[in-house]
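Working notes, structure below.
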Amino acid sequence: MSIGHRIIAQTGIQVLGKVASIGFGVAAIAIITRTLGLEGFGSYATIMAYLQLFGIAVDLGLNVMAPTILGEKTEDRRQKTEGDADSPRSTVYCLPSSVLLSNIFTIRLTAAVFVFALAAGVAFFIPAYTPAVRMGIALATFSFLGIVLTQILQAPFQVAADMRAPVLADVFGRGLLVAGVAFVAWQRWGLTAMVVATVVGNVVAFLATFLAARRRIAVTLACDFEVWRTILHRSWPIALSIIFNLVYLRADQVILSLLKPAADVGIYAAPYRLLDVLTQFPHMVMGLVLPMLAAAWAAGDRATFHHRLQRTFDGLALLGFPIAAGAIVLGTPLMTLVAGHEFAVSGPVLGVLAIALVGIFLGQPFGYGVVAVGAQRRMLWGYAVVAVVTLAGYLIAIPIWSYWGAAWLTVASEIAIAAITFSVVRRASGFRIALRIPASALLASIVMGLALAFLQIPIIPRIALGAIVYGLLMLMFPPTRRMLHAACNADHAAR
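Using the working numbering, you'd call the opening residue of the sequence shown number 4 and step up by one each time.
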């Protein structure tokens, strides 16, 4: 099967899986918000945001580096070439894939156990956190342990462009999570039980992914410090980038929880959780594309690299603009539908965060492109500047404007990161961006948004009609039709 057809087929599988996962995610948000209310959900969101902030230290750049190294290793075997024996990259190439992945898995497990244990201990000394929040943090560490280990185990599936098993494991875990929180809501057990239900869903998803990965590659615990040194030598710039990146992404809710009432956290966190659910899609797509970008770059095939990067950018623009337009226009009814009438106040906040969603969708191809071309060190300054400025902004704006300050600073930071990553990739690879399809998507999304604004019908039919309007408008644009035709012959187009 050609690379183009593999991307289409596997993306189709992942889309179906992600649609199910997103559906389960929205259902979980709906149940938790309605059960806990503004203040209770604010406490739940505080627990998750706190651990996500500590989880920054667990990443170590391995989520991105694992499929990148495995993808380069595959390309190296295909070409039967040898690199410099003294370089960190060639040291990795000489290892079996099972040894490589086992060492990466063990690095992640070691870091996760240490960091999350530290996080649980520190939480008990934060005066602003209630006993329920502290206990929730201690319990939720197991949930995050399952999540971060699952991320590593997806690497061999990403390289093989065969994501069926991880997708099924994710859907099963999320389905179990929804069943768990629904049972907790039925029993009226409260915040701690909601956290336990979340733990069960994520741990089961990890176990299912682990068993699937073991059928493909022999993953075990491995502690070869020379291998660890080689891997971390390559991944540390990504690790620093992620630290800077996630500080401005996750610090807002933590600062909000320390300076404002739990209700304010709930108002902001509910639409932010929806944003998190939606941003799973571009990460999913880039997880498939990254090994192929890395392989093309390692082979010196810039034409294929540019083609794949452009097509990915076009595809995410086609999705990002209409989703954002719909969220801006339908923010209040959407939040009421998902979280209940108590969260109608979150609707305008969702509209603001939807602008940040565009920056995320458009910036992801270049963020992963930075890794593919090995320009992580050049990108560090960009992440550092945005992190410092945004963090300072949070400390100034949140005490004054609460969640509004956090929302607008999130927008500014995402747009800034998208612009900087594009600049780095352009300079490193000579990539010249084409904007015909994104411009068409933006225009069609504006028209769709205007149509939605004038339609005074229930929310579900409005969303369906909006999708139809957008789809018909996009099919009217020749660049979109040509892209859909070329997608079926991606290999030939790349050559």
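A virtual CB, placed ideally from N, CA and C, is assigned to each residue, including glycine.
What's the gap between the Cα of K83 and the Cα of T315?
Indexing the sequence shown from 1 puts residue 83 at position 80. Indexing the sequence shown from 1 puts residue 315 at position 312. Here the model assigns K83 a pLDDT of 49, short of 50, so the residue's position is not dependable, and the following value carries that caveat. Answer to the nearest angstrom: the Cα atoms are 29 Å apart.
Take every Cβ of the stretch 273-285, pair it with every Cβ of the stretch 415-426, and state whether three or more of those distances are shorter than 8 Å.
no
Under 7 Å between C-beta atoms of I155 and I220
For the purposes of this step, residue 155 is identified with residue 152 of the sequence shown, where counting begins at 1. For the purposes of this step, residue 220 is identified with residue 217 of the sequence shown, where counting begins at 1. No; because the gap between Cβ atoms is not below 7 Å, this pair is not in contact.
Do T144 and A123 have their C-beta atoms within less than 7 Å of each other?
As a position in the sequence shown, residue 144 is number 141, starting the count at 1. As a position in the sequence shown, residue 123 is number 120, starting the count at 1. Cβ distance < 7 Å, so T144 and A123 count as in contact.
Rounded straight-line distance, which links the Cα of I331 to that of I358:
For the purposes of this step, residue 358 is taken as residue 355 along the sequence shown, with counting starting at 1. For the purposes of this step, residue 331 is taken as residue 328 along the sequence shown, with counting starting at 1. Their backbone Cα atoms lie some 8 Å apart in a straight line.
Buried or exposed by the 16-neighbour rule on C-beta atoms within 10 Å, applied to R232
Within the sequence shown, residue 232 is the residue found at index 229, counting from 1. Classification for R232: exposed.
Whole-number beta carbon distance between A182 and L394, since they are thought to touch under 8 Å
For this step, residue 394 is matched to residue 391 along the sequence shown. For this step, residue 182 is matched to residue 179 along the sequence shown. Rounded, the Cβ-Cβ distance is 38 Å, inconsistent with contact.
Indicate whether the contact test is met: 3 or more Cβ pairs, each with one atom in the stretch 24-31 and one in the stretch 244-260, closer than 8 Å.
no
Suppose you measure from the CA of A320 to the CA of A299; what does that come to, to the nearest Å?
To locate residue 320, count along the sequence shown from 1; it is residue 317. To locate residue 299, count along the sequence shown from 1; it is residue 296. Those two C-alpha atoms are separated by around 23 Å.
Assigned exposure category for G20 - 16 Cβ within 10 Å defines buried
For this step, residue 20 is matched to residue 17 along the sequence shown. Answer is buried; the Cβ neighbour count reaches 16.
I think A371 touches M289, with their Cβ atoms under 8 Å apart; what is that distance to the nearest whole Å?
The residue labelled residue 371 in the question sits at position 368 within the sequence shown. The residue labelled residue 289 in the question sits at position 286 within the sequence shown. Looking at the sequence provided, one finds Tyr at residue 371 rather than Ala. Rounded, the Cβ-Cβ distance is 4 Å, consistent with contact.
Quick one, are the C-beta atoms of A131 and L261 less than 7 Å apart?
If you number the sequence shown from 1, residue 131 lands on position 128. If you number the sequence shown from 1, residue 261 lands on position 258. Yes. Within cutoff.
Spatial neighbours of L179 within its chain, please: CB distance less than 6 Å, with the 5 preceding and 5 following residues excluded, ordered by chain position.
In the sequence shown, the residue the question calls residue 179 occupies position 176. Counting only Cβ-Cβ distances below 6 Å, and skipping sequence neighbours, we find G204, V207.
Under 8 Å, with one C-beta from each stretch per pair, do the stretch 376-390 and the stretch 332-349 reach the 3-pair mark?
no
Within 7 Å, strictly: CB atoms of F147 and G45
To locate residue 147, count along the sequence shown from 1; it is residue 144. To locate residue 45, count along the sequence shown from 1; it is residue 42. Contact flag unset, no.
Thinking C-beta only, is Q283 closer than 7 Å to A272?
Counting from one through the sequence shown, the residue named residue 272 turns up at place 269. Counting from one through the sequence shown, the residue named residue 283 turns up at place 280. No. Outside cutoff.
Tell me whether the beta-carbon of S448 lies closer than 7 Å to the beta-carbon of D267.
The residue labelled residue 448 in the question sits at position 445 within the sequence shown. The residue labelled residue 267 in the question sits at position 264 within the sequence shown. Their beta carbons are not under 7 Å apart, which means S448 does not touch D267 by this criterion.
Does the beta-carbon of L243 have 16 or more other beta-carbons within 10 angstroms, so that it is buried, or is it exposed?
Position 240 of the sequence shown holds residue 243. With 16 or more Cβ atoms within 10 Å of its Cβ, L243 is classed as buried.
Contacting residues, own chain, Cβ-Cβ under 6 Å from T212 (five flanking each side not counted)
Within the sequence shown, numbered from 1, the residue matching residue 212 stands at position 209. So the list reads T153, L156, P169, A172, once near-sequence residues are dropped.
Within 7 Å, strictly: CB atoms of I50 and G149:
Within the sequence shown, numbered from 1, the residue matching residue 50 stands at position 47. Within the sequence shown, numbered from 1, the residue matching residue 149 stands at position 146. No, these two residues do not count as a Cβ contact at 7 Å.
Taking only three categories from DSSP, how would you classify V376?
As a working note, residue 376 is residue 373 in the sequence shown. Residue state, collapsed to three classes: coil.
Spatial neighbours of K263 in its chain, beta-carbon cut-off 6 Å, leaving aside the 5 residues before and after
Taking the first residue of the sequence shown as position 1, residue 263 is located at position 260. Correct list, in chain order: S405.
Coarse secondary structure for W507, derived from DSSP in three states:
The first residue shown for the chain is 4 and the last is 498, placing residue 507 beyond what the model contains.
Pick from G176, W411, R311 that is closest to G354, judged by C-alpha positions
On the sequence shown, position 351 is the one that residue 354 refers to. Closest by alpha carbon: W411.
Just the C-alpha distance for I471 and A126, rounded to the nearest angstrom, thanks.
Against the sequence shown, residue 471 aligns to sequence position 468. Against the sequence shown, residue 126 aligns to sequence position 123. Their Cα atoms are separated by approximately 48 Å.
First and last residue of the uninterrupted alpha helix (DSSP H) at L180:
Position 177 of the sequence shown, counted from the start, is the residue given in the question as residue 180. Segment 167-190, the alpha helix (DSSP H) holding L180.
Using C-beta distances below 6 Å, list every residue in its chain close to A188, excluding the 5 sequence neighbours before and after it, in chain order.
On the sequence shown, position 185 is the one that residue 188 refers to. These residues qualify, in order along the chain: I34, T38.
For the alpha helix (DSSP H) that E229 lies in, which residues bound it at each end?
The count along the sequence shown starts at 1 and reaches residue 229 at position 226. 228-262 is the extent of the alpha helix (DSSP H) around E229.
Please report the residue range of the alpha helix (DSSP H) in which Q313 lies.
Taking the first residue of the sequence shown as position 1, residue 313 is located at position 310. Unbroken alpha helix (DSSP H) run through Q313: 305-332.
By the DSSP assignment, the alpha helix (DSSP H) with S285 in it spans what residues?
Stepping through the sequence shown from its first residue, residue 285 is reached at position 282. A small fix is needed here, since residue 285 is Pro in this sequence, not Ser. Its alpha helix (DSSP H) spans residues 283-301.
Ends of the alpha helix (DSSP H) at L478?
Within the sequence shown, residue 478 is the residue found at index 475, counting from 1. 462-479 is the extent of the alpha helix (DSSP H) around L478.
Output needed for V18: all residues of its chain with C-beta closer than 7 Å, excluding positions within five of it in sequence on either side, in chain order.
The residue labelled residue 18 in the question sits at position 15 within the sequence shown. Excluding positions up to five away in sequence, the list is empty.
Give me the Cα-Cα distance between V391 and L468, rounded to the nearest whole angstrom.
For the purposes of this step, residue 391 is taken as residue 388 along the sequence shown, with counting starting at 1. For the purposes of this step, residue 468 is taken as residue 465 along the sequence shown, with counting starting at 1. Taking the straight line from one Cα to the other gives about 42 Å.
Tell me the residue span of the alpha helix (DSSP H) that contains T201.
Working through the sequence shown from its first residue, we reach residue 201 at position 198. Looking at the DSSP string, the run of the alpha helix (DSSP H) that includes T201 is 194-219.
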